Amino acid sequence: MSVVIKADKVSKLYRLGVISSKTLSQDFNRFLARLRGKEDPYLKIGALNSRDIKNENDFVFALKDISFEINKGEIVGIIGKNGAGKSTLLKILSRVTTPSTGNLKVKGRIASLLEVGTGFHQELTGRENIYLNGSILGMSKKEITGKFDEIVDFSGVETYIDTPVKRYSSGMYVRLAFAVAAHLEPEILIVDEVLAVGDAEFQKKCLGKMQEVSSRDGRTILFVSHNMGAISSLCTSAILLEKGLLKSSGSTDNIISQYLTTENSLKPFQEFEDQDTDVYFKKIAIHSDKEESASNELDVRYPVTIKFSYKVKNFINGTSIAFSIYSKSGTKLFYSSVKIDELLENIDDKTGAHTAEVTIPGYFLTPGSYFINASLQIENIQMFDFKEGTLHFEIIESGTSLHKFKGKDIGLVLVDLEWKNSVYETAL
Numbered sequence: 011m012s013v014v015i016k017a018d019k020v021s022k023l024y025r026l027g028v029i030s031s032k033t034l035s036q037d038f039n040r041f042l043a044r045l046r047g048k049e050d051p052y053l054k055i056g057a058l059n060s061r062d063i064k065n066e067n068d069f070v071f072a073l074k075d076i077s078f079e080i081n082k083g084e085i086v087g088i089i090g091k092n093g094a095g096k097s098t099l100l101k102i103l104s105r106v107t108t109p110s111t112g113n114l115k116v117k118g119r120i121a122s123l124l125e126v127g128t129g130f131h132q133e134l135t136g137r138e139n140i141y142l143n144g145s146i147l148g149m150s151k152k153e154i155t156g157k158f159d160e161i162v163d164f165s166g167v168e169t170y171i172d173t174p175v176k177r178y179s180s181g182m183y184v185r186l187a188f189a190v191a192a193h194l195e196p197e198i199l200i201v202d203e204v205l206a207v208g209d210a211e212f213q214k215k216c217l218g219k220m221q222e223v224s225s226r227d228g229r230t231i232l233f234v235s236h237n238m239g240a241i242s243s244l245c246t247s248a249i250l251l252e253k254g255l256l257k258s259s260g261s262t263d264n265i266i267s268q269y270l271t272t273e274n275s276l277k278p279f280q281e282f283e284d285q286d287t288d289v290y291f292k293k294i295a296i297h298s299d300k301e302e303s304a305s306n307e308l309d310v311r312y313p314v315t316i317k318f319s320y321k322v323k324n325f326i327n328g329t330s331i332a333f334s335i336y337s338k339s340g341t342k343l344f345y346s347s348v349k350i351d352e353l354l355e356n357i358d359d360k361t362g363a364h365t366a367e368v369t370i371p372g373y374f375l376t377p378g379s380y381f382i383n384a385s386l387q388i389e390n391i392q393m394f395d396f397k398e399g400t401l402h403f404e405i406i407e408s409g410t411s412l413h414k415f416k417g418k419d420i421g422l423v424l425v426d427l428e429w430k431n432s433v434y435e436t437a438l
């Protein structure tokens, strides 16, 4: 297969804070250093992009020495926690920004879905933006017209196609943007987490379309998502980024496994630094009701308790603690939330440190590997704190009849159902 994307030691450096120096003399000395081809005399470089520690350097590497090759027709998942450098890499590939150092070679036309609000002219209608995007990709008006009805039908925004896109909802915008990118036949399609804005049915439709254009037309797709289930089902290979570095690349299943079993996630608890926000997590821990201490190896027979320690600096009505349990493949098993108002209803001063706990019954999760995402938020309005893949744990079988089903698909959860028997004639 021919290589269509080749990155060779690509780095992206961003300056933190103000653009200029603190004094005119420092600005002048920096100017002289640049003229002489010398290093900035006041420069402090050396920090990778980490959200876990405070950075005191002037510059930070969003990406550092990234090298990889992608062949024609591959669907490549790009995986990593928030701040790992995924979006920066896609912006470099899309030529929205340039690398600070290193070389990047791309063969073919690129269509990108990076964030809601990019790629379309806000004052133009949906119809006009379809033709504009096609022209940018080098297509003739006749070619675009031939695809127009298919684009509108896929997006489902026919009623609003002659309305300026600035009046579209985020969901409508993404539907049209994806339809345009997928149908105007670029050789390379780049899709960021933006698809999460759409509803579940449309996301499924998009995943199917990406599979179709890759297998049928041999197009290359780069796909960023926190949904490991979507990555697993769609991608032929994956790249794992961590704090701006390329940690690993290879088969999708192996990369997902590495991502879900990082050093921090293997601990039965996680502790966090103070944050400059109204409410934030201080510690999250998991243990079996059979054991007092935290553990990430839990017996299938016993209830599992998750404790969320959090600090309220400024109490805001409607704030919720929420968490989701995911299987190793990234399938979300369930989501649960509770409003802090309810937890603290008998407490006058609701600021300070608190611990909320929730219990999952025994014989509910099947033996296997799981991970937790947790958040403090006003649902659909404001996110105060989000911990992605914060804990990884194993449900193990020990001395139950479940060992008979080892290697067989017994579903995602165990359910204790009540069975009854009756005589056949009376049962009808």
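Note that the numbering used here has the sequence shown beginning at 11, numbered continuously upward.
For each residue, glycine too, the CB sits at the ideal point set by N, CA and C.
Please read these numbers as outputs of a predicted model, since none were measured by experiment.
Residues in the same chain with beta-carbon distance under 6 angstroms from residue i, minus the five sequence neighbours each way, listed in chain order, please.
i, result
"Ile63", "Summary for Ile63: the model assigns pLDDT 47, below 50, so the residue's position carries little reliability, and this model does not support an answer."
"Asp367", "Residue 367 is actually Glu in this sequence, not Asp. If we look at Glu367 and ignore the five residues flanking it on each side, its Cβ neighbours are Thr315, Lys317."
"Ala248", "Gly87, Ile89, Thr262, Ile265"
"Arg61", "In this prediction, Arg61 has a pLDDT of 48, which is less than 50 and means its spatial position is unreliable; what the coordinates show is noted afterwards. Once the five neighbours on either side are set aside, the close Cβ partners of Arg61 are Gly93."
Can you tell which of the options has its C-alpha closest to the C-alpha of residue i?
i, options, result
"Phe158", "Phe381, Ala192, Gln132", "Ala192"
"Glu407", "Leu375, Ser12, Glu367, Ile294", "Leu375"
"Ile198", "Val433, Gly166, Thr108, Val13", "Val13"
"Tyr336", "Ser247, Gly378, Arg40, Ile15", "Gly378"
"Glu84", "Glu389, Ser180, Leu422, Gln221", "Gln221"
"Asn264", "Ile231, Ser339, Ser150, Phe188", "Ser339"
"Asn92", "Tyr269, Lys360, Ser346, Glu153", "Tyr269"
"Lys152", "Ala189, Ser179, Leu194, Phe188", "Leu194"
"Ile231", "Glu252, Gln213, Phe212, Pro196", "Pro196"
"Lys117", "Arg105, Pro109, Tyr373, Gly328", "Arg105"
"Lys293", "Thr246, Leu401, Gly260", "Leu401"
"Lys74", "Asn113, Phe396, Phe41", "Asn113"
"Val201", "Ile89, Thr341, Arg137, Glu160", "Ile89"
"Ser258", "Asn431, Val86, Leu34, Leu42", "Val86"
"Leu142", "Ala187, Ser110, Phe291, Leu100", "Ala187"
"Leu427", "Gln387, Ile388, Tyr373", "Tyr373"
"Val348", "Glu211, Gly328, Phe233", "Gly328"
"Thr246", "Gly239, Met238, Asn237, Gly260", "Gly260"
"Gln280", "Ala295, Ala332, Leu147", "Ala295"
"Gly239", "Leu217, Ser110, Leu256", "Leu217"
"Asp351", "Lys342, Gln387, Tyr380, Asp286", "Gln387"
"Thr111", "Asn237, Tyr320, Val20", "Val20"
If you draw a straight line from the C-alpha of residue i to the C-alpha of residue j, how long is it?
i, j, result
"Thr262", "Leu250", "10 angstroms"
"Asp284", "Arg46", "44 angstroms"
"Ile76", "Arg311", "45 angstroms"
"Ser145", "His131", "13 angstroms"
"Ile370", "Ser97", "35 angstroms"
"Thr155", "Val162", "11 angstroms"
"Val433", "Val425", "26 angstroms"
"Ile140", "Val190", "6 angstroms"
"Gly181", "Phe38", "49 angstroms"
"Phe71", "Ser385", "27 angstroms"
"Tyr345", "Glu252", "26 angstroms"
"Leu353", "Ile266", "35 angstroms"
"Phe403", "Gln213", "28 angstroms"
"Ser235", "Ile171", "28 angstroms"
"Gly95", "Leu255", "8 angstroms"
"Trp429", "Glu307", "31 angstroms"
"Gly136", "Ser179", "12 angstroms"
"Lys215", "Asp359", "48 angstroms"
"Phe291", "Met149", "51 angstroms"
"Glu211", "Ile331", "27 angstroms"
Please list, in chain order, all residues of the same chain as residue i whose beta carbon is under 7 angstroms from its beta carbon, the five residues on each side excluded.
i, result
"Lys288", "Inspection of the sequence shows that residue 288 is occupied by Asp rather than by Lys. Closer than 7 angstroms at the Cβ level, and outside the excluded window around Asp288, lie Lys323, Asn324, Ile326, Phe394."
"Glu305", "Here residue 305 is Ser; the residue named in the question, Glu, does not match the sequence. So the qualifying residues of the chain are Pro278, His297, Ser298."
Here's the rule I'm using: 16 or more other beta-carbon atoms within 10 Å means buried, otherwise exposed. How should residue i be labelled?
i, result
"Ile241", "buried"
"Lys22", "buried"
"Val423", "exposed"
"Ala363", "exposed"
"Asn390", "exposed"
"Ser225", "exposed"
"Gly399", "buried"
"Ile55", "At Ile55 the pLDDT is 48, less than 50, meaning the model places this residue with poor confidence; the figure from the coordinates comes in the next sentence. Exposed."
"Asp309", "buried"
"Leu34", "exposed"
"Asn356", "exposed"
"Lys397", "buried"
"Asn431", "exposed"
"Arg185", "buried"
By Cβ distance below 8 angstroms, which residues in the same chain neighbour residue i in space, the five residues on each side in sequence not counted?
i, result
"Thr108", "Ile102"
"Gly228", "Lys82, Gly83"
"Thr361", "Val322, Lys323, Asn324, Phe325"
"Phe333", "Ile316, Phe318, Tyr345, Ser346, Ser347, Val368, Ile382, Asn383, Ala384, Ser385"
"Ser243", "Leu217"
Return no unless some Cβ of chain B is closer than 8 angstroms to the Cβ of residue i.
i, result
"Leu255", "No chain B appears in the structure shown, which is made up of a single protein chain."
Worksheet item: Taking contact to mean at least 3 C-beta pairs separated by less than 8 angstroms, is the segment 13 to 22 in contact with the segment 74 to 93?
Response: With a cut-off of 8 angstroms on Cβ pairs, the segment 13 to 22 is in contact with the segment 74 to 93, counting three or more such pairs.
Discussion item. Under 8 angstroms: do the segment 161 to 172 and the segment 115 to 126 share three or more Cβ pairs, one atom per stretch?
Written reply: Counting Cβ pairs under 8 angstroms, fewer than three are found: no touch.
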